[in-house]
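K.L.:
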Amino acid sequence: MLKLLSNFSGGGISTALYGVIGSLVAALAFVGWLYKGSLETIASLNAQLQLERENAWTLESAIEKQNKAFKSLEVKATIKDTSAVDRIVIKDKTCEAELLGYKEVFKELGK
């Protein structure tokens, strides 16, 4: 085919075609080099992703164990029987004053 083209213009077109072909080969080699580099990058990122997934799984299992430990340490509220102290019998005025003083202290502590 190149001989056919060289007959038309005396070789000028064939020289141009050789230049275009050479440029395309160089471009193809460059694209191949980029592709190889990107494959290596992808492999590296996949390995890093796998490591991160394993680390995340390890951390999640550790957090789950801690949460179970916290649940087991949780304080359970107990209901106390207060029927014995529902009514306090006051003997005299000094006991009443002392009782009022204690009530004020407990109110302050409860705030």
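If you use the numbering used here, the sequence shown corresponds to residues 9 to 119, in order. In this text, a Cβ means the ideal position worked out from N, Cα and C, and glycines have one as well.
1) If you run the structure through DSSP and keep just helix, strand and coil, what is residue 83?
2) First and last residue of the alpha helix (DSSP H) that includes residue 111?
3) What is the DSSP secondary structure of residue 88, counted as helix, strand or coil?
4) Whole angstroms is fine: what's the gap from residue 118's alpha carbon to residue 70's?
P.N.:
To lay it out plainly:
1) Along the sequence shown, one-based indexing puts residue 83 at 75. The answer is coil: DSSP assigns residue 83 none of H, G, I, E or B.
2) On the sequence shown, residue 111 is found 103 positions in, with the first residue counted as 1. Here the alpha helix (DSSP H) through residue 111 covers 101-118.
3) In the sequence shown, residue 88 corresponds to position 80, counting from 1. Coil.
4) Taking the sequence shown and counting its residues from 1, the one referred to as residue 118 is at position 110. Taking the sequence shown and counting its residues from 1, the one referred to as residue 70 is at position 62. Their backbone Cα atoms lie some 38 Å apart in a straight line.
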